[in-house]
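Visitor: Pasting a structure below so you can have a look.
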Amino acid sequence: MNFVELGHAPFSRRQLLVGSMSISLALLGCRRRRTSEQEVVDLFIESDGDFLAFRPDVLTCPAGARVRLTFHHAGRFLSARHNWVLVYPNQMEAVDKDVEKKEGIISEEDPRVIAVVPMCDKGDTMTTQFTAPAPGDYPFFCSTPGHAVDMNGILHVTE
Ligand SMILES: [Cu+2]
Numbered sequence: 154m155n156f157v158e159l160g161h162a163p164f165s166r167r168q169l170l171v172g173s174m175s176i177s178l179a180l181l182g183c184r185r186r187r188t189s190e191q192e193v194v195d196l197f198i199e200s201d202g203d204f205l206a207f208r209p210d211v212l213t214c215p216a217g218a219r220v221r222l223t224f225h226h227a228g229r230f231l232s233a234r235h236n237w238v239l240v241y242p243n244q245m246e247a248v249d250k251d252v253e254k255k256e257g258i259i260s261e262e263d264p265r266v267i268a269v270v271p272m273c274d275k276g277d278t279m280t281t282q283f284t285a286p287a288p289g290d291y292p293f294f295c296s297t298p299g300h301a302v303d304m305n306g307i308l309h310v311t312e
């Protein structure tokens, strides 16, 4: 009994090692492939000078893409702050109303929110990254109290 156990122990340990090594290699391979296959899309949007509007007000990207969105506050005279908030369909009014008394500061933990560029002062440029959701039209807006009604647009996510 003792002899058999001794004889088998090193062999099964080696098998185990080889087994776990190939599993971790497979995982690594998967992860690497997924990252390189994920399309990266750079989007740029700014405030329309001192107007309460985005320029452009329609953005497009493919579903599943890694989006790097840069927002620029292009105001030159007015000191109102702007941000860029992307939400799920039909959530703009509710999210906007909820932050009305918090100077428009959005929590990234809010499940209705897909992505947020923090509040920008005149001349600021900020970037956010997110994975584009399923195909559809997603509203974006500025959550500075009173801005969303004019300062909004659509992210058009294609197949
Ligand atoms: Cu604004």
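Each residue of the sequence shown is one higher than the one before, counting from 154 in the working numbering. Beta carbons are placed, not taken as given, at the ideal position from N, Cα and C, and that holds for glycine. In this text, all values refer to a predicted model and were calculated from it rather than measured experimentally.
Please report how far the alpha carbon of glycine 276 lies from the alpha carbon of histidine 226, in whole angstroms.
Guide: Cα-Cα distance, rounded: 5 angstroms.
Visitor: Would you call serine 232 buried or exposed, if buried means 16 or more other Cβ atoms sit within 10 Å of its Cβ?
Guide: That one is exposed.
Visitor: At a cut-off of 8 angstroms, would you count methionine 304 as near ligand 1, judging by its Cβ distance to the nearest heavy atom?
Guide: Correct: methionine 304 has its Cβ closer than 8 angstroms to ligand 1.
Visitor: Look at the Cβ atom of valine 220, then the Cβ atom of phenylalanine 283, and state whether they are nearer than 9 angstroms.
Guide: For valine 220 and phenylalanine 283, yes; Cβs fall inside 9 angstroms.
Visitor: Which residue from Thr281, Phe224, Ala247 and Val252 puts its Cα closest to that of aspartate 201?
Guide: Closest by alpha carbon: Phe224.
Visitor: May I have the straight-line CA-CA distance separating glutamate 253 from alanine 216, to the nearest angstrom?
Guide: Taking the straight line from one Cα to the other gives about 31 angstroms.
Visitor: With DSSP as the reference, label leucine 308 as helix, strand or coil.
Guide: Here leucine 308 sits in strand by DSSP.
Visitor: Classify isoleucine 267 as buried or exposed, calling it buried when 16 or more other Cβ atoms lie within 10 Å of its own Cβ.
Guide: Counting Cβ neighbours within 10 Å, isoleucine 267 comes out buried, since at least 16 surround it.
Visitor: Is alanine 233 near ligand 3, judged by its Cβ being under 8 angstroms from some heavy atom?
Guide: In terms of ligand content, the structure shown lacks ligand 3 and carries ligand 1 instead.
Visitor: Could you check where the beta strand (DSSP E) with glutamate 199 kicks off and where it finishes?
Guide: Taken as a continuous stretch (DSSP letters only), the beta strand (DSSP E) holding glutamate 199 covers 193-200.
Visitor: Between the region 236-247 and the region 284-303, do three or more beta carbon pairs fall short of 8 angstroms?
Guide: Verdict: yes, contact present.
Visitor: Quick check: the Cα distance between cysteine 214 and lysine 255, rounded to an integer number of angstroms?
Guide: Taking the straight line from one Cα to the other gives about 31 angstroms.
Visitor: I think aspartate 203 touches arginine 229, with their Cβ atoms under 8 angstroms apart; what is that distance to the nearest whole Å?
Guide: About 6 angstroms; that satisfies the 8 angstroms criterion.
Visitor: For ligand 1, any of its heavy atoms closer than 8 angstroms to the Cβ of histidine 300?
Guide: Yes; taking the cut-off as 8 angstroms, the Cβ of histidine 300 has a heavy atom of ligand 1 nearer than that.
Visitor: Counting C-beta neighbours from all protein chains within 10 Å, is the total for glutamine 244 16 or more, i.e. buried, or is it exposed?
Guide: Buried is the call here.
Visitor: Nearest to serine 296 by alpha carbon, out of Phe207, Pro286 and Glu190?
Guide: Cα-wise, what sits closest to serine 296 is Phe207.
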